[in-house]
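Numbering (the numbering used here), first residue to last: 241 to 524. In this text, a Cβ means the ideal position worked out from N, Cα and C, and glycines have one as well. In this text the structure is predicted, and so the values were computed from the model without any measurement. Contents: one structure, followed by commentary.
Given below as structure tokens:
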């Protein structure tokens with residue numbers, strides 16, 4: 241499988257390491273399917289949008305939320321099995337673990353690949369792919385299953401579009417730093433499905449969860465500031481979520497957003513319409 245990954249990357253050299261990473265992400269999802277993890281976790285985030293709906297940007301990591309039958313104690317053993325599967329496929333891979341509050345994190349670091357493709361100045365430079373599981377996700381998400389065949393067919397359990405939009409909206413409002421890809425994803429959602437509404441129950445729960453975390457003193461305060469009580473009480477009202485996001489977009493430093501997104505975009509021409517004014521227009 242390593243040889244196929246290298247072939248995929250060489251066939252589309254304009255993509256650089258993105259094509260290589262995407263193939264390996266697909267293989268990790270297949271290994272998770274083999275171990276039965278694909279129906280016990282919910283795929284979410286930018287990589288889920290890429291695999292399931294072909295959003296026009298690449299992503300770095302694999303993000304999941306824990307299902308009701310996921311046991312956090314299983315994490316280390318499950319990741320070791322993924323590591324063994326990758327090694328059996330010919331990869332030189334190193335596994336590192338981390339934990340951030342309620343998020344379990346494993347980082348797979350692949351040696352030699354970048355050098356073999358001429359993308360690294362030193363042979364010891366590694367390609368990294370992180371896999372994260374939120375063990376205490378906000379309640380209310382709706383899950384569905386979809387068969388995807390980007391390179392290798394896999395059955396993926398994931399959040400539906402309204403729930404993914406709710407997660408993305410909450411991330412923009414609560415993330416501790418500005419991540420331009422969040423704004424690009426929001427633009428993509430609203431330009432592709434103008435009438436799409438977020439899962440408001442999940443959105444409300446995600447904001448309340450962040451508010452409670454900040455109130456308990458856990459972690460650093462969000463750069464967006466705490467969500468005030470008045471906004472909390474109005475979240476369920478029609479279009480209020482748009483007003484909240486519109487305020488965040490208006491205050492954002494757009495040059496930083498564009499810089500972040502540009503490194504991951506598949507077609508640079510798709511950025512022509514991605515402006516602060518157009519996103520505000522979509523939010524109404």
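Is the CB-CB distance between residue i and residue j below 7 Å?
| i | j | result |
| --- | --- | --- |
| residue 283 | residue 398 | yes |
| residue 370 | residue 309 | no |
| residue 358 | residue 441 | no |
| residue 403 | residue 386 | no |
| residue 487 | residue 523 | no |
| residue 286 | residue 421 | yes |
| residue 409 | residue 512 | no |
| residue 332 | residue 352 | yes |
| residue 277 | residue 394 | no |
| residue 423 | residue 505 | no |
| residue 329 | residue 390 | no |
| residue 384 | residue 291 | no |
| residue 319 | residue 346 | yes |
| residue 392 | residue 266 | yes |
Taking DSSP as the reference, what is the three-state secondary structure of residue i?
| i | result |
| --- | --- |
| residue 272 | helix |
| residue 301 | coil |
| residue 370 | strand |
| residue 436 | coil |
| residue 291 | helix |
| residue 512 | coil |
| residue 484 | helix |
| residue 277 | coil |
| residue 519 | helix |
Throw me the rounded Cβ distance for the residue i and residue j pair, which I believe falls under 8 Å.
| i | j | result |
| --- | --- | --- |
| residue 295 | residue 425 | 7 Å |
| residue 288 | residue 263 | Not a contact, Cβ separation roughly 17 Å. |
| residue 322 | residue 271 | 5 Å |
| residue 348 | residue 335 | 6 Å |
| residue 372 | residue 304 | 7 Å |
| residue 446 | residue 378 | 4 Å |
| residue 248 | residue 256 | Their Cβ separation, rounded to whole angstroms, is 12 Å, which puts residue 248 and residue 256 out of contact at 8 Å. |
| residue 519 | residue 443 | Their Cβ separation, rounded to whole angstroms, is 18 Å, which puts residue 519 and residue 443 out of contact at 8 Å. |
Counting only runs of 4+ residues fully inside the stretch 306-359, write out the alpha helix (DSSP H) ranges in chain order.
315-328 and 353-356
Does the stretch 309-329 touch the stretch 430-443, meaning 3 or more C-beta pairs lie closer than 8 Å?
no
Length-filtered (4 minimum) alpha helix (DSSP H) runs lying within the stretch 380-454
401-414 and 420-432
Cβ pair count under 8 Å reaching 3, the stretch 443-452 against the stretch 401-414:
yes
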